[in-house]
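I have placed the structure first, in the form of structure tokens, so that the comments after it can refer back to it.
Protein chains: 2
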Amino acid sequence: MSLEYAILVSLRERAGSGYELARRFDKSIGYFWAASHQQIYRSLKRMVELGWVDCDEVAQQKRPDKKVYRVSDTGAEELARWIAEPAATRNDLTVKLRGASYGDAAQVRAEIARQRDLRIQQLSLYREIERRDFPDPAKLSGQALHQHLVLRGGIRTEQALLEWCEETIRALDDDQE
Amino acid sequence: MSLEYAILVSLRERAGSGYELARRFDKSIGYFWAASHQQIYRSLKRMVELGWVDCDEVAQQKRPDKKVYRVSDTGAEELARWIAEPAATRNDLTVKLRGASYGDAAQVRAEIARQRDLRIQQLSLYREIERRDFPDPAKLSGQALHQHLVLRGGIRTEQALLEWCEETIRALDDDQE
DNA sequence: GCCACCTATGCAACTAGTTGCATTGCAACA
DNA sequence: TGTTGCAATGCAACTAGTTGCATAGGTGGC
């Protein structure tokens, strides 16, 4: 799963403790993904075992001690490897984009283009279902109306995702120059 | 969680077996939510224990026997009770809309209005962050660009959800007349 | 006669994520 | 002096969902 990789991205930007990571998640990556401190502490523990991160205990005055984590060479390689993989979920894709600088940015762009194509396919499927099952939306009532509105939600979501993919590809290509 | 309630909605529309439910989920509710047959069988088992559904074993020729489930009075009450509750997630909200006819439709409309207000708030927060952190988007490059694009994804998602809420409220009000 | 596929149900073990609780230390407030 | 609140870490038990496997009957193809 991608929480580990989201943490790697965050730690590559800036080393930090579990507590700090939890707070950072409330911003940036947290725009679309909330991770509890429990998850983060557990993931960090696992990642230390895997050798993806190293940990220094730091004594503080006026505060409890903390453990500061930073990404090891192994971790950096693992992150780059993962970024080049196809994205399984939307979260995945977003984390890969966010971490594009720590891997193969061209691959990330290609993956977003692939997702765009998937959105186009899904959208045309939804639109076909809409034409077939709800040819006259204005006349719908009760349960049929509710069903149609659920489908409208799917269409709007796919549309938004598709437009985001297009905007992102455009921006990445402009940046390339 | 709402899988149980999604199943109740599906079974109120038409009684069926676990297998049939799994296939139905591929359509309609499955536009936005995939449930494996495992989850469905387990939920059905639990719901029988809770007395929310009744089960008849039906022998078939040419096919293995099947168990046909239908919603009990208790289950129907429980569904209506749940529909009137505030929605915790987007899936929740969609299931409640889909099942509005089996509960208090006015309450569902009110809940969608509440969600619309939440989207408006979230959107204005995101827009404020965008103005503050990315005042000149055209000049962004590298990591800052990636960060901005992630935020753009959040904005587009909220925007799509908001518009869907508005479309839905309009449609429900028109249907009311 | 074997193989692949569909209907139909289910167990067991796993991963992901949530909730509740506990601890330690310091600071600010009344 | 007691209470509240923040920084900091973590365990234990739970819910939700996934994956792999097993079983069993029937259909259709080669």
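As given, the protein sequences belong to chains A and B, one line each in that order.
First residue of the first sequence? That's 1 in my numbering, and the numbers climb one at a time after it.
First residue of the second sequence? That's 1 in my numbering, and the numbers climb one at a time after it.
The beta-carbon is built from N, C-alpha and C at its ideal position, and this holds for glycine as well.
Here E57(A) carries a strand assignment [DSSP, helix/strand/coil]. Nearest C-alpha to L79(A) among Y5(A), D175(A), E167(A), M47(A): Y5(A). Taking C-beta atoms under 8 Å as the contact rule, A100(B) and I83(B) qualify, at a distance of about 7 Å. In this structure, G16(B) and H37(B) do not form a Cβ contact; the two beta carbons are roughly 13 Å apart against a cut-off of 8 Å. For R42(A), the three-state secondary structure derived from DSSP is helix.
Within chain B, no residue has its CB atom less than 9 Å from the CB of T74(A), the nearest being about 22 Å off.
DSSP, reduced to helix, strand and coil, places R70(A) within a strand of the structure shown. With respect to the 8 Å criterion, V95(A) and G75(A) are not classified as neighbours on the basis of their beta carbons. In this structure, the straight-line span from the alpha carbon of V48(A) to that of D104(B) is close to 51 Å. By the Cβ criterion, the stretch 116 to 130 of chain B is in contact with the stretch 147 to 157 of chain B, since at least three pairs of Cβ atoms, one from each stretch, lie closer than 8 Å. Unbroken alpha helix (DSSP H) runs of no fewer than 4 residues, entirely contained in the stretch 95 to 134 of chain B, are found at 105 to 133, following chain order.
Around the Cβ of A160(B), a 10 Å sphere holds 16 or more other Cβ atoms; the residue is buried. Only W164, E167, T168, A171, L172, D174, D175 from the stretch 164 to 175 of chain A bring a Cβ to less than 9 Å from some Cβ of chain B. By alpha-carbon distance to E57(B), the top candidate from R70(B), R46(B), G30(B) is R70(B).
Here L172(B) really is in contact with R109(B); their C-beta atoms are around 5 Å apart, less than 8 Å. The contact set of V150(A) on chain B, defined by CB atoms closer than 8 Å, consists of S28, I29, Y31, F32, T94, L97, R98 in chain order. Classified as exposed, E177(B) has fewer than 16 neighbouring CB atoms from the shown chains inside 10 Å of its CB.
One finds A171, D175 in chain A with Cβ atoms closer than 7 Å to the Cβ of L145(B), taken in chain order.
The C-beta of A87(A) comes no closer than 8 Å to any C-beta of chain B.
G153(B) sits in a helix when the DSSP states are folded into three classes.
By the neighbour-count criterion, in which a residue is buried when 16 or more other Cβ atoms sit within 10 angstroms of its Cβ, Q115(A) is buried. H146(A) and A34(A) have their C-alpha atoms roughly 30 Å apart.
With its beta carbon at least 8 Å from every one in chain A, S10(B) lies outside the interface.
Here the alpha carbons of P64(B) and K67(A) stand approximately 58 Å from one another. DSSP lists Y69(A) as the bridge partner or partners of G16(A). In the three-state reduction of the DSSP assignment, P86(B) falls in the coil class, being assigned neither a helical nor a strand state. When rounded, the separation of the alpha-carbon atoms in E77(B) and L50(B) is 13 Å.
Residue contact check for Q121(A) against chain B: no CB pair falls below 8 Å. C-alpha of A113(B) to C-alpha of L151(A): approximately 19 Å in a straight line. Restricting attention to L140(A), V9(A), D174(A), the CA atom closest to the CA of D175(B) is found in L140(A). Rounded to the nearest angstrom, the gap between the Cα atoms of D117(A) and A87(A) is 13 Å.
Between I29(A) and R98(A), the CB-CB gap stays under 8 Å. Here H148(B) is not near P135(B), since their CB atoms are 8 Å or more apart. With respect to the 8 Å criterion, R46(A) and Y102(A) are not classified as neighbours on the basis of their beta carbons.
A Cβ-Cβ separation of about 32 Å leaves Q61(B) out of contact with L3(B) under the 8 Å criterion.
F25(A) carries a helical assignment under DSSP once its states are collapsed to helix, strand and coil.
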